[in-house]
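The structure appears below as structure tokens.
Number of protein chains: 2
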Amino acid sequence: MQVGFIGSGVMGSPMAGQLIAGGHEVHLYRVKARHDDLLDRGGKRCDSAAQVAERSEIVILMLPDTDDVESVLFGEEGIADHPAPSKLVIDMSSISPVATKQFAERPAAKGVGYVDAPVSGGEVGAKAGTLSIMAGGSEADFARALPLFEKMGKNITRVGGVGDGQTAKVANQIIVGLTIEAIAEALTFAKAAGAEPAKVREALMGGFASSRILEVHGDRMVKRTFDPGFRIRLHRKDLSSAIDAARQLDLSLPNTAATQQLMNGAVAIGPGDRDHSALIQMIEHLSAIKHDA
Amino acid sequence: MQVGFIGSGVMGSPMAGQLIAGGHEVHLYRVKARHDDLLDRGGKRCDSAAQVAERSEIVILMLPDTDDVESVLFGEEGIADHPAPSKLVIDMSSISPVATKQFAERPAAKGVGYVDAPVSGGEVGAKAGTLSIMAGGSEADFARALPLFEKMGKNITRVGGVGDGQTAKVANQIIVGLTIEAIAEALTFAKAAGAEPAKVREALMGGFASSRILEVHGDRMVKRTFDPGFRIRLHRKDLSSAIDAARQLDLSLPNTAATQQLMNGAVAIGPGDRDHSALIQMIEHLSAIKHDA
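Residue numbers (numbering that gives the first Met the number 0), protein chains in the order written: chain A, 0 to 292; chain B, 0 to 292.
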């Protein structure tokens, strides 16, 4: 199939690579220089988003934020107003669910389908083709997108209609961020009270406090290994999206807001480009607790 | 062995029952009327804490709060100043780790060992003898307590010295409370944004957001089944202990404090005696979201 892929960065490049390896003719736009190897492997470079749309039946977007998606869809040389053959837009970026519902309207009016399908699993999952994909869209559009999703991911869920994939991703980032913060408070408490955080973490695994975050990020906090992983700066962006959407929905999310503020502080004091488990350094900073590592 | 057990309520009663079933002679004080069957099954009633201490080699406490433990240890007819044969006090109540370290000093000066060993797993775990036990104390005292712990629990960890068991329990309650709050915010966001919370929860299981809390309490939130379980009112008590201890330690725990405040609100608006998963009703209340159930 002729597939368009706009946005080949850290995540998009291995995802587009999976599609090329899967036998698709992939038309690329916005390929970062260090991912030029996609062209050697058979990817076709285009000069504009519009050109991608001209040459592709389905166009996938994997872009940094809501504004980027809006400009590729509706800007000059954008794909939304472009004539066929593109019949389906799949936005795999992580952006606002509220904006996504608006974005889908104009293509829909012209008979072009729209599926939002943000992912989790990071660069590792993208390279292995094992991303979790949370999709929103009509059943028919989802069915058309599914064979492409299956090249890129493993846990693929249609959450509901357009926007619901982004909603699930925001919910995911809220839970992950606030659980990391919770474990950071708990382990800092343990240390301040004179216990060994490693022992406390062990005692808590297997009970109701157990989670993937306690397993993975709790271990990083104990061992003080904060190489990303997923950077605090990026998680902060996701919680800011949650807070923006909450404002649009007249919704009060107190701990999401507080945690986003703590991430602002974390960027200010240093570990913004460390793994999000380094949020514990901000909790320590609040009480002037010093560490060697 | 002659074992004392002070505090036979919802948790203490089945725990003492396990010791009786395990062949120990159990001397009881503070048996609630509805748990009188312990006496029919071989438990011996005493008239004071001091009498329990006179008759027992090891005395176990399972009491509601820090003040109760203090009064049984050091009040009139208390056990701490009482002559042998009691050589070990095991406090299985969930109380302040800071107070625990002070409480252990006076018995220690008289050669009486002290182990703090709060539990998690609730009434179900107590009845099944499968509690998680988080213990603090010397290796020798822990070794003496272990055969009794093995009658009552399954995951038994010596976290460290005296007080470290209570510290682990507080850390546990912080993580559990804040994770419940996080999932409540995430599922409320999902609903407000127009997605189905049940579908969002499903999409998130298996990824980094997955936890025992998302599995169990997330399901209760989706199905609106809030029978306790563990009551918000009791979890609020535990977070208040965390906040008290944090003040004594000059430690700042912003989301623990905020979540304790939300639990105050939950008690005010209604669901204080529902399962702690009903904290979602407070998150909904903040934005005037109404539910049928």
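By construction, the Cβ of each residue, glycine as well, lies at the ideal position given by its N, Cα and C atoms.
- Under the 8 Å criterion on CB atoms, SER119 (chain A) is classed as interfacial with respect to chain B.
- The C-beta of ASP249 (chain B) comes closer than 8 Å to at least one C-beta of chain A.
- Excluding residues up to 5 positions away in sequence, THR129, LEU130 and SER131 lie with their Cβ nearer than 7 Å to the Cβ of GLY120 (chain B) in the same chain.
- In the three-state DSSP reduction, GLU138 (chain A) falls in the helix class (H, G or I).
- Comparing alpha-carbon positions, the option among B:VAL161, B:VAL68, B:MET61 and B:GLY3 lying closest to GLU53 (chain B) turns out to be B:GLY3.
- In this structure, ILE78 (chain A) and VAL68 (chain A) do not form a Cβ contact; the two beta carbons are roughly 11 Å apart against a cut-off of 8 Å.
- In the displayed model, MET133 (chain A) falls within a strand according to three-state DSSP.
- Look at GLU104 (chain A): its C-beta is not under 8 Å from any C-beta on chain B.
- Annotation for LEU38 (chain B): the continuous alpha helix (DSSP H) segment containing it runs 36-39.
- Within the same chain, ALA245 come within 8 Å of SER251 (chain A) by CB-CB distance, once the 5 residues on both sides are set aside.
- For GLU104 (chain B), the number of other beta carbons within 10 angstroms of its own is below 16, and it is reported as exposed.
- DSSP, read as helix, strand or coil, puts GLU149 (chain B) in helix.
- Contact annotation for MET133 (chain A) against chain B: ALA202 [CB-CB distance below 7 Å, chain order].
- Per the coordinates, the alpha-carbon of HIS284 (chain A) lies some 42 Å from the alpha-carbon of GLY16 (chain A).
- In this structure, DSSP gives GLU69 (chain B) a helical state, which the three-state scheme calls helix.
- Every alpha helix (DSSP H) of 4 residues or more that sits fully in the segment 203-248 of chain A is shown, in chain order, as 211-222 and 231-247.
- Per DSSP, the beta bridge partners of ASP90 (chain A) are A:LEU60 and A:ASP115.
- For ARG211 (chain B), the closest Cβ of chain A is nearer than 8 Å.
- Close partners of LYS198 (chain B) in chain A (Cβ separation under 7 Å): VAL158 and GLY159.
- Contact holds between the segment 23-32 of chain A and the segment 44-53 of chain A, because three or more Cβ pairs, one in each stretch, are under 8 Å apart.
- Inter-residue distance for PHE141 (chain A) and SER92 (chain A) is about 16 Å (C-alpha atoms, whole angstroms).
- With a cutoff of 8 Å on beta-carbon distance, VAL169 (chain A) and ILE212 (chain A) are scored as not near each other.
- In summary, the residues of the segment 243-267 of chain B whose CB is separated from some CB of chain A by less than 8 Å are ALA244, ALA245, LEU248, ASP249, LEU250, SER251, LEU252, PRO253, ASN254, THR255, ALA257, THR258 and LEU261, in the order they occur in the chain.
- The C-beta of VAL97 (chain B) has 16 or more other C-beta atoms within 10 Å across all chains shown, which makes the residue buried.
- According to the DSSP assignment, SER7 (chain A) belongs to the beta strand (DSSP E) that extends over 1-7.
- Inter-residue distance for GLY110 (chain A) and LEU87 (chain A) is about 9 Å (C-alpha atoms, whole angstroms).
- An exposed status is given to ARG40 (chain B), since fewer than 16 other beta-carbon atoms sit within 10 Å of its beta-carbon.
- Contact between ASN254 (chain A) and GLU76 (chain B) does not hold, since their C-beta atoms are separated by about 45 Å, which reaches or exceeds 8 Å.
- With respect to the C-alpha of VAL9 (chain B), the residue from B:LEU177, B:LEU233 and B:LYS289 having the closest C-alpha is B:LEU233.
- GLN259 (chain B) sits away from SER276 (chain B), with the two beta carbons spaced by 8 Å or more.
- In this structure ALA265 (chain B) touches MET281 (chain B) by the C-beta definition: roughly 4 Å separates them, less than 8 Å.
- Proximity of the segment 184-204 of chain B to the segment 156-167 of chain B falls short of the contact definition, fewer than three beta-carbon pairs being nearer than 8 Å.
- Less than 8 Å separates the beta-carbon of ILE57 (chain B) from that of MET0 (chain B).
- Taking the beta carbon of LEU285 (chain A) as reference, the chain B residues within 9 Å of it are LEU250, SER251, LEU252 and PRO253, listed in sequence order.
- DSSP places HIS284 (chain B) inside the alpha helix (DSSP H), whose first and last residues are 278-285.
- Between the alpha carbons of LEU62 (chain B) and THR65 (chain A) lies a distance of about 54 Å.
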